[in-house]
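4 protein chains.
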Amino acid sequence: MEAILDAVVRILKRQGVDAVTTNRIAEVAGVSVGSVYQYFPDKGAIFVALHDRHAEQMGRLVDKAVVEHAGAPAEEMIAALVDALVDAHARDPELFALLDAEVPHRAGGERALETHLRNALRLALAPRSRDLERTLFVVPVLVDALAHAAALHRPARMSLEAAKREAGRAIRAYLRVTS
Amino acid sequence: MEAILDAVVRILKRQGVDAVTTNRIAEVAGVSVGSVYQYFPDKGAIFVALHDRHAEQMGRLVDKAVVEHAGAPAEEMIAALVDALVDAHARDPELFALLDAEVPHRAGGERALETHLRNALRLALAPRSRDLERTLFVVPVLVDALAHAAALHRPARMSLEAAKREAGRAIRAYLRVTS
Amino acid sequence: MEAILDAVVRILKRQGVDAVTTNRIAEVAGVSVGSVYQYFPDKGAIFVALHDRHAEQMGRLVDKAVVEHAGAPAEEMIAALVDALVDAHARDPELFALLDAEVPHRAGGERALETHLRNALRLALAPRSRDLERTLFVVPVLVDALAHAAALHRPARMSLEAAKREAGRAIRAYLRVTS
Amino acid sequence: MEAILDAVVRILKRQGVDAVTTNRIAEVAGVSVGSVYQYFPDKGAIFVALHDRHAEQMGRLVDKAVVEHAGAPAEEMIAALVDALVDAHARDPELFALLDAEVPHRAGGERALETHLRNALRLALAPRSRDLERTLFVVPVLVDALAHAAALHRPARMSLEAAKREAGRAIRAYLRVTS
DNA sequence: CATGAATGAGTGTTCATTCAT
DNA sequence: AATGAATGAACACTCATTCAT
Chain A
9 MEAILDAVVR ILKRQGVDAV TTNRIAEVAG VSVGSVYQYF PDKGAIFVAL
59 HDRHAEQMGR LVDKAVVEHA GAPAEEMIAA LVDALVDAHA RDPELFALLD
109 AEVPHRAGGE RALETHLRNA LRLALAPRSR DLERTLFVVP VLVDALAHAA
159 ALHRPARMSL EAAKREAGRA IRAYLRVTS
Chain B
9 MEAILDAVVR ILKRQGVDAV TTNRIAEVAG VSVGSVYQYF PDKGAIFVAL
59 HDRHAEQMGR LVDKAVVEHA GAPAEEMIAA LVDALVDAHA RDPELFALLD
109 AEVPHRAGGE RALETHLRNA LRLALAPRSR DLERTLFVVP VLVDALAHAA
159 ALHRPARMSL EAAKREAGRA IRAYLRVTS
Chain C
9 MEAILDAVVR ILKRQGVDAV TTNRIAEVAG VSVGSVYQYF PDKGAIFVAL
59 HDRHAEQMGR LVDKAVVEHA GAPAEEMIAA LVDALVDAHA RDPELFALLD
109 AEVPHRAGGE RALETHLRNA LRLALAPRSR DLERTLFVVP VLVDALAHAA
159 ALHRPARMSL EAAKREAGRA IRAYLRVTS
Chain D
9 MEAILDAVVR ILKRQGVDAV TTNRIAEVAG VSVGSVYQYF PDKGAIFVAL
59 HDRHAEQMGR LVDKAVVEHA GAPAEEMIAA LVDALVDAHA RDPELFALLD
109 AEVPHRAGGE RALETHLRNA LRLALAPRSR DLERTLFVVP VLVDALAHAA
159 ALHRPARMSL EAAKREAGRA IRAYLRVTS
């Protein structure tokens, strides 16, 4: 299963989505097509699983940061969050850009990372905000968007660290006005 | 050409990406397949054109807001920007979610809206910021992400207006710390 | 009409039969598709006309040789015939090989050159042969096959002149046994 | 594979080249289109294989005649050659005419029969000729052309046997002058 | 469980042909 | 007569999926 998803990733990076056929997946994974269908009902499920796997990896990072900064000020936790997410995406920007742009998302089932962030932050932000609802709407969007941008779309002249720092400033600025 | 893109949109909304075949496009557009190929070299080009058209429409909105608030404070201009973009996307959220999730983007050629915003804001923000580079990195990301979120992914209990307002607050907060 | 056939020849040589489309013919000939259809009922007719034109050109060569050697011994006439045909084909071997191999012949309507040769030789050979029928069967076949072979398929080490001479010897040898 | 080529032959004879579509081939061969593509990379390859198969069949006949008349005079061997080739083509003249006229040859890769003949005859003719090169150029051309003509294009009034005999005479006459 | 040959519905695309101008 | 945009039937080919071994 992991092997299959890894095969998809390899094909995706080497030749693009259009080269991702079930037969090629099997070949690259070193199994037979039949075996691919033992684990996934159809091709769509493979893409879903790929997105899910990524979401879970990011989710684990989020949980870890939340747990590790349970007592600390929200700003610190968020800085850690941004840090972890940016690093994770920066490890293979090409892949994550591809995942976003080319691999179909089946609209609606998504926003997994934002949702996860929202849930994870609910507790951490509860005491801070007069209107939790609105804060929990904005912060995950900022974290997700800025982390992606920092890792994948920052200007050529800006370092990863500088981008992280600026992302942190933006989120902190918002949190401050949400007293 | 417009008719063809409109046909794609219609099929997309009614039956999803997989139903978008060149023959069906022709049928829905009321022309022959051959004519579709008179205007587009292949199916991929149709999707590209669809994304481009959307980007241009948003670009025009951006330009309009920038021009109309040329003398006004940046905050106001940005509020107008968010307003216009949110309204534009809110007019047909389903479509824009689809466009984002299912219609392949050909990774890399993208971020059109952010880029346009960046260029449009360069002048408006020039006097404000000590480090224009970083501001021009963050603001377009915030505008784009919050506008999309407000229009397409806001919590069920939050009104469009409330989402816009909150988006505005977040961006304003960042601009304030970027003296 | 000539222009159209010339266009076909040009495309044929530059890009092969598969590139010969009616639209491309029109383009290369410098007219519109509609005009092509003014002169030819359909695409097949163009190929037929091409073969016919070639057959007529060869036919004229045959007639000329026959007329010019009307009084001379048959051997001489045949030598002239082979000479003329070989030269004609050797002028553009590539084209004639293409014409033979790739341009569909519509089986059965063919053997135009052999038939023409047969008719042209009927008189010249009449006095020589006890069985004209058989001679008129063999000689055109020899002339056609050897002329083509000499012009288009002779071994790399053999000169055109040598090939012609050898072709002549073969035909003469046959004529001699056909007293 | 044999089944596929046989299907092509069947369609060719019944409905002509234009009816030879990959789907129809599959249908007539009793397999699926997919299976056709398991054995042949594309449609062109099928035609090539068809020509190749024919060339091999003829080649086997040539080899057999050469072997069986290894010690005998060259005249006899050639008579046997002509005999075998004429009979082979006469068994289904229509098909071989079609193969020649309508099935594209991909110019240049061809003359397979002549080449085979040339190689087969090299040994047999070696002692006879002062100039082997020229003899090996002419004889295969004569054998091929006369065998085809006898089988496929002889005058209506001439029997197969008579045509064979006359072909033999022509070749023998040439061999005699090539002492 | 694994295999991978076989399947065939379905797709993108081409191109001969037409006909209103 | 000439044009060339429009047509759409038809085709080569792919690839997700199955199932007998």
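Protein chains in written order, with our numbering: chain A, 9 to 187; chain B, 9 to 187; chain C, 9 to 187; chain D, 9 to 187. All residues carry an ideal CB built from backbone N, CA and C; glycine is no exception.
First and last residue of the uninterrupted alpha helix (DSSP H) at residue i
i: T30 (chain A); result: T30 to A37
i: F48 (chain D); result: Careful: F48 (chain D) lies outside any alpha helix (DSSP H) and carries neither H nor E.
i: P101 (chain B); result: P101 to A109
i: P148 (chain D); result: L140 to L160
i: R177 (chain D); result: L168 to V185
i: V17 (chain D); result: E10 to Q23
i: R130 (chain C); result: A120 to L133
i: H97 (chain A); result: A82 to A98
Proximity test, Cβ basis, 9 Å: residue i and chain A
i: M66 (chain B); result: no
i: H97 (chain B); result: no
i: V185 (chain B); result: yes
i: A157 (chain B); result: yes
i: V25 (chain B); result: yes
i: M85 (chain B); result: no
i: E110 (chain B); result: yes
i: E122 (chain B); result: yes
When the options are compared against residue i, the one with the closest alpha-carbon
i: L131 (chain C); options: C:R142, C:A78, C:A105 and C:P148; result: C:A78
i: K172 (chain B); options: B:A181, B:R165 and B:L154; result: B:L154
i: E102 (chain B); options: B:D14, B:V16, B:A11 and B:K21; result: B:K21
i: R136 (chain C); options: C:R180, C:Q65, C:A88 and C:Q23; result: C:R180
i: L150 (chain A); options: B:A178, B:P163 and B:R142; result: B:A178
i: L144 (chain B); options: A:E122, A:R138, A:F145 and A:A175; result: A:A175
i: A120 (chain D); options: D:H62, D:V94, D:D95 and D:V146; result: D:H62
i: D95 (chain B); options: B:M9, B:A157 and B:V41; result: B:A157
i: E83 (chain A); options: A:E64, A:A170 and A:L133; result: A:L133
i: R126 (chain B); options: A:Y47, A:H161, A:F48 and A:L140; result: A:H161
i: R114 (chain A); options: B:G42, B:I12 and B:V25; result: B:V25
i: A88 (chain B); options: B:D71, B:P112 and B:A98; result: B:D71
i: V36 (chain A); options: A:Q65, A:A57, A:M66 and A:L13; result: A:L13
Chain B contact for residue i (CB, 9 Å cutoff)
i: D60 (chain A); result: no
i: L154 (chain A); result: yes
i: R18 (chain A); result: no
i: A53 (chain A); result: no
i: R138 (chain A); result: no
i: Y47 (chain A); result: no
i: A78 (chain A); result: no
Contact with chain D by residue i, beta-carbon distance below 9 Å
i: L150 (chain C); result: yes
i: R22 (chain C); result: no
i: E141 (chain C); result: yes
i: M166 (chain C); result: yes
Interface flag, residue i vs chain C, CB-CB below 9 Å
i: F145 (chain D); result: yes
i: R162 (chain D); result: yes
i: A128 (chain D); result: no
i: E174 (chain D); result: yes
i: H113 (chain D); result: yes
i: R32 (chain D); result: no
i: A134 (chain D); result: no
Exposure label - residue i; buried when at least 16 CB within 10 Å
i: A108 (chain A); result: Rather than Ala, the amino acid found at residue 108 (chain A) in this sequence is Asp. The residue in question, D108 (chain A), is buried, as its Cβ has 16 or more Cβ neighbours within 10 Å.
i: P81 (chain A); result: exposed
i: T29 (chain A); result: exposed
i: D91 (chain C); result: buried
i: D152 (chain C); result: buried
i: P148 (chain C); result: buried
i: V75 (chain A); result: exposed
i: V185 (chain C); result: exposed
i: M85 (chain A); result: buried
i: R165 (chain D); result: exposed
i: R68 (chain A); result: exposed
i: M9 (chain C); result: exposed
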